[in-house]
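Encoded as structure tokens, the structure appears first; notes follow it.
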């Protein structure tokens, strides 16, 4: 089959790899119809992880069940399904508690597994024509047949639930004010989710004009951090108090206010400044224990200088960690079907699989309005 394969920093190719097969009675094979490029893929693409050449990328996957293992009971050939980026067993202590992003079974020695990602288990990614899905009864979410809502539903694999998870970590409630740092796909989904949860005022902090324009389109208030301290800009619009809640949708590659260099802890510290005393912070933005490209030795080992004293003084609380997609994806699917949510507003480009190398390059450079790219293996799609 054709698949997107990582070769070296800033280089992916579309090449032939072995087809996956049924390895366990609980497996299914899915013929992928849509698979998205994620900002987390860019961390590997840029050489900012321990990823080795040969990894098949892709953890945001949707398709049609092609083959069913003999132990699968709820799925059949022809079912349309979307898979959480988390690979999970469904029966370990964490899965039973709803914390499927930290499954203790699928990646021995580590809490959590995922498709096509470094250190997240032996699971090939879905930026390919076929995908093996383990524990399929648990990991597959059924969708209505056909092609309707294709680019909405593929976002259920990761970024829509992850944005919603940021709001859940911060316990965003109706009538509150919320600051979301980052207006990339996850940040836009966090701002959108805050509005879906009834927030009265949502601020979206970024520096890319196209992203800030997208945020404004959905009803968020754009804050360009190159025009001054974003915390001060937000306080000026909240009576000097700051927001009730804050979400970090940026992570460890955060940029300084003048966008001239990276400052890995700048968003965390900005949130401490932005959120009022006793407010809450949700941190779905990715932080890693090892970053070969970190700007200093501490950052290279995931050690950041965070204003914990100021956070303690303000009595703030923080929630962290990757999204437990299954906790949210069924409800978010039903919101899409009911017309209550259309997350596909973030999708800027759709391409056939063979255009993945160019799409990676342009998405990485944030040019030509690239906000979210969806690839369609086996299909020809106009830009």
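Residue numbers (the working numbering): -16 to 366.
Glycine is no exception: its CB is placed at the ideal position from the N, C-alpha and C atoms.
Among 141, 179, 21 and 170, nearest to residue 159 - alpha-carbon criterion: 179
Contact belief for residue 19 with residue 271 at Cβ below 8 Å, rounded distance in angstroms: That pair is no contact at about 21 Å.
Top-ranked residue by Cα proximity to residue 221, from 201, 171 and 259: 259
7 Å Cβ cutoff met for residue 66 and residue 116: yes
Endpoints, the alpha helix (DSSP H) within which residue 192 is located: 192 to 200
Sub-7 Å separation of residue 13 and residue 39 beta-carbons: no
Rounded straight-line distance, which links the Cα of residue -2 to that of residue 254: 43 Å
The stretch 132 to 145 / the stretch 27 to 37 touching (three or more Cβ pairs under 8 Å): no
Cut-off 7 Å between Cβ atoms - residues of its own chain near residue 155, not counting five sequence neighbours on either side: 161, 177, 180, 182 and 228
Sheet register partners of residue 189 (DSSP bridge): 207
Uninterrupted alpha helix (DSSP H) stretches inside the stretch 284 to 361 (no shorter than 4 residues): 291 to 296, 312 to 320 and 339 to 348
Three-state secondary structure assigned by DSSP to residue 267: coil
The stretch 310 to 320 in contact with the stretch 143 to 153 per 3-pair CB rule at 8 Å: yes
One or two residues paired with residue 124 in a DSSP bridge: 65
Limits of the beta strand (DSSP E) - the one that residue 164 falls within: 160 to 164
Status (buried if at least 16 other CB within 10 Å, exposed otherwise) for residue 184: buried
Residue(s) in a DSSP beta bridge with residue 90: None; residue 90 has no bridge partner.
For residue 273 and residue 298, the rounded distance between their alpha carbons: 29 Å
Alpha-carbon to alpha-carbon, residue 29 and residue -8: 5 Å
Pick from 119, 266 and 89 that is closest to residue 442, judged by C-alpha positions: Any property of residue 442 remains undetermined from this structure, which presents the chain solely from -16 to 366.
Alpha carbon of residue 303 to alpha carbon of residue 292, nearest angstrom: 18 Å
Contact check, residue 81 vs residue 98, beta carbons under 7 Å: no
Close-in-space but distant-in-sequence residues of the same chain around residue 219 (CB under 6 Å, 5 per side omitted): none
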